[in-house]
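Numbering-wise (the numbering used here), the sequence shown opens with residue 5 and increments by one.
Just so you know, even glycine gets a beta-carbon here, dropped at the ideal spot from N, CA and C.
Comments concern the structure below.
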Amino acid sequence: MSKIPTPESITADWLTEQLRASGHARAEVRGFTSRQIGTGQIGKCVRFELELSDPDGRAPARLVGKFPSDDPVSRAAGVQLRNYYREVNFYRHLASDLSISTPRCYFADITDEGPEFALLLEDMHPAAQGDQLTGCTAEVARASVLELVGLQASTWCDASLGRFDWLGSIDQGPELDMQGFYAQLLPGFLQRYGARLADDERDIISRVAAAPACPLFAPLDAPFCLEHVDYRLDNMLIDTRTSPPRVTVVDWQSVKIGKPLNDVAYFLGAGLLPELRREVEQDIVRDYHAALTAAGVADFSWAQCWDAYRRGSFAGFGVTVIASMLVQQTERGDEMFVTMARRHSRHALDIGAAEFLE
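If you want it as structure tokens, here you go:
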């Protein structure tokens, strides 16, 4: 087998090797079945169910492999945006030091910056993938937002993050002209999806392209921490057997040094139906702020938190407009991007964030 496996080249011997390298010394994979799972746009996930011999009884009987998309457009985007490179390096260098819930990683490797890469991850069964289209309950939303404290508190204003070039820079601008990129792709986005949006939704999405003051394009300043960037239901595995639900976060393809409230606002804006969000969002953000404080984050007042949350409502605009134009177009993808456009624009309008475009 080559250094970077594919779903077709993986063998029982290779799976045995990864289990033993991860501490399951007597485990042996005698056979396995595989099937594609998930709804990823840039990556492809495959579940491996193992015919396993393990005298110690601790080795996992299921694993999930993640590989580049089969679609050449999506693969090219994964390389251009460094998605594959970021995710492999996240599991190599950061995941084990964070208290946010992530799957255990059994293998992570990449050729240069891709597209050839592979991850072998813990299968969180019976947790189920969230559904961006249907949204979630207030209980799931609260658990998901509080899970962010495990990502953010330990990396809050941590200048040592700058040692990883793939996380971006703390004291410089973005790697590319994001506003120019947004403006370039906006006409195609509106041509494809504009007719399905309300007038005020199209208007605020369009205004962002010509608003230099928009928080989406603001340079990074304090406070900063690790930002997932695509923190939404499709990227979460949710186990509702417990109360509160257990949330495990996946798809670390866009992780960077960023603004903490971007992930909070992005999740609540996209994951809750607007009627429910209006009822619960301030209480959830207050609980998040209290948890940050309890985790040792100081000098960050509630007023600062809420202002940053309102500014963060624009975080979803970039993902919606830019990503939708760079990945393979699918029926579910179209529904997802329209849903995100509606919810993120409605979110910004509801909390008066349009004032930041002036």
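- Report buried or exposed for Q195, applying the criterion of at least 16 other Cβ atoms within 10 angstroms of its Cβ. By the Cβ-count criterion, Q195 is exposed, with fewer than 16 other Cβ atoms from all chains shown falling within 10 Å of its own Cβ.
- Item | Local Cβ density within 10 Å of V79, reported as buried at 16 or more and exposed below that | Per the sequence shown, the amino acid found at residue 79 is Arg instead of Val. Burial check for R79: the Cβ neighbour count within 10 Å reaches 16 or more, so the residue is buried.
- Message: Is the beta carbon of V254 closer than 9 Å to that of N239?
- Response: One thing to note: N239 has its Cβ within 9 Å of the Cβ of V254.
- Message: I need the DSSP call for E179, collapsed to helix, strand or coil.
- Response: Low per-residue confidence applies at E179: pLDDT is 49, beneath 50, and the placement is therefore not dependable, though the value from the model is reported in the following sentence. Three-state result, E179: coil.
- Item | Collapsed DSSP secondary structure at R51 in the structure displayed | Note: R51 maps to strand in three-state DSSP.
- Query: Leaving out the 5 sequence neighbours to the left and right, which residues in its chain are closer than 6 Å to L280 when beta-carbon positions are compared?
  - Reply: Nothing meets the Cβ criterion.
- Would you call the CB atoms of L230 and L98 closer than 9 Å? Yes.
- Message: Which residue wins for smallest C-alpha separation from R4, given the options H348, T343, G300 and A327?
- Response: Only positions 5 to 362 of the chain appear in the structure, and residue 4 is not among them; the question remains open.
- Just confirm the distance between the C-beta atoms of F341 and S328, as a whole number of angstroms; I'd bet it's less than 8 Å. About 4 Å; that satisfies the 8 Å criterion.
- For I209, the three-state DSSP class (helix, strand or coil): Note: I209 maps to helix in three-state DSSP.
- Message: Quick check on D113: does DSSP put it in helix, strand or coil?
- Response: Strand, per DSSP.
- To which residues of the same chain is L277 closer than 6 Å at the C-beta, ignoring the five residues directly before and after it? Contacts found: G139.
- Item | Sequence-distant residues of the same chain with beta carbon closer than 7 Å to G300, five excluded per side | Answer for G300: A157, listed in chain order.
- Among the residues of its own chain, which have a CB less than 6 Å from the CB of V212, if the five just before and after it don't count? The beta carbon of V212 lies closer than 6 Å to those of C218 and F321 in the same chain, with the five residues before and after it left out.
- Query: What are the complete beta strand (DSSP E) segments, minimum 3 residues, inside the segment 25 to 102?
  - Reply: Taking 3 residues as the minimum length, the beta strand (DSSP E) runs contained wholly in the segment 25 to 102 are 32 to 41, 47 to 57 and 66 to 72, in order along the chain.
- Message: Tell me the DSSP secondary structure of R297 in three-state form.
- Response: Per the sequence shown, residue 297 should be read as Thr rather than Arg. Of the three classes helix, strand and coil, the one that applies to T297 here is helix, per DSSP.
- Item | Any alpha helix (DSSP H) of 4 or more consecutive residues that is wholly inside the segment 238 to 300 | Taking only runs of at least 4 residues, the alpha helix (DSSP H) segments lying wholly in the segment 238 to 300 are 264 to 275 and 278 to 298.
- Message: Strictly by DSSP, which residues pair up with L125?
- Response: According to DSSP, L125 bridges with V68 and C109.
- Query: Three-state secondary structure (DSSP) at E335?
  - Reply: Look at E335 here: in three-state DSSP terms it is helix.
- Message: Short of 6 Å in beta carbon distance, which residues of its chain neighbour L23, apart from the five on each side in sequence? Order them along the chain.
- Response: So the list reads A31 and A63, once near-sequence residues are dropped.
- Task: Report, in whole angstroms, the separation of the C-beta atoms of G42 and Q133, which I expect to be a contact under 8 Å.
- Result: Confirmed, about 6 Å.
- Query: Would you call R350 buried or exposed, if buried means 16 or more other Cβ atoms sit within 10 Å of its Cβ?
  - Reply: Answer is buried; the Cβ neighbour count reaches 16.
- Task: Using a threshold of 9 Å, state whether the C-beta atoms of L125 and K70 are closer than that.
- Result: Yes, the Cβ-Cβ distance between L125 and K70 is below 9 Å.
- Task: Provide the residue(s) that pair with C370 in DSSP beta bridges, ordered along the chain.
- Result: Outside the displayed span of the chain (5 to 362) sits residue 370, for which this structure offers no information.
- Just checking my contact of I261 with L171 at CB under 8 Å: how many whole Å lie between their CB atoms? 5 Å between Cβ atoms; contact.
- Message: The alpha helix (DSSP H) that contains V149, what's its start and end?
- Response: For V149, the enclosing alpha helix (DSSP H) stretches over residues A142 to E151.
- Message: Quick test of your reading: R90 and Q332, contact by CB under 8 Å. State the CB separation rounded to the nearest angstrom.
- Response: In fact, because the Cβ distance is near 20 Å, the residues do not count as touching under 8 Å.
- Item | Residue from Q84, K7, A29 and T10 with nearest C-alpha to L330 | Answer by Cα proximity: Q84.
- Task: Could you check the C-alpha separation between D303 and E362 for me, to the nearest Å?
- Result: Taking the straight line from one Cα to the other gives about 28 Å.
- Assuming G275 contacts R336 under a Cβ cut-off of 8 Å, what Cβ separation, rounded to an integer in Å, is found between them? Between R336 and G275 the Cβ distance is about 17 Å, and since that is not below 8 Å, they are no contact.
- Message: Within 10 Å of its beta-carbon, does D74 have 16 or more other beta-carbons around it, so buried, or fewer, so exposed?
- Response: Taking all protein chains shown into account, D74 has fewer than 16 neighbouring C-beta atoms within 10 Å of its C-beta and is therefore exposed.
- Item | CA nearest to the CA of S57, picked from E283, Y197, F185 and F36 | Taking the Cα of S57 as reference, the smallest distance to any Cα among E283, Y197, F185 and F36 is reached at F36.
- Item | Three-state secondary structure (DSSP) of Q136 | Q136: coil per DSSP, three-state reduction.
- Message: So that I know if they touch, is there some Cβ in chain C lying closer than 9 Å to that of T37?
- Response: The displayed structure is made up of one protein chain only, and chain C is not part of it.
- Query: Can you tell me whether DSSP reads F318 as helix, strand or coil?
  - Reply: F318: coil per DSSP, three-state reduction.
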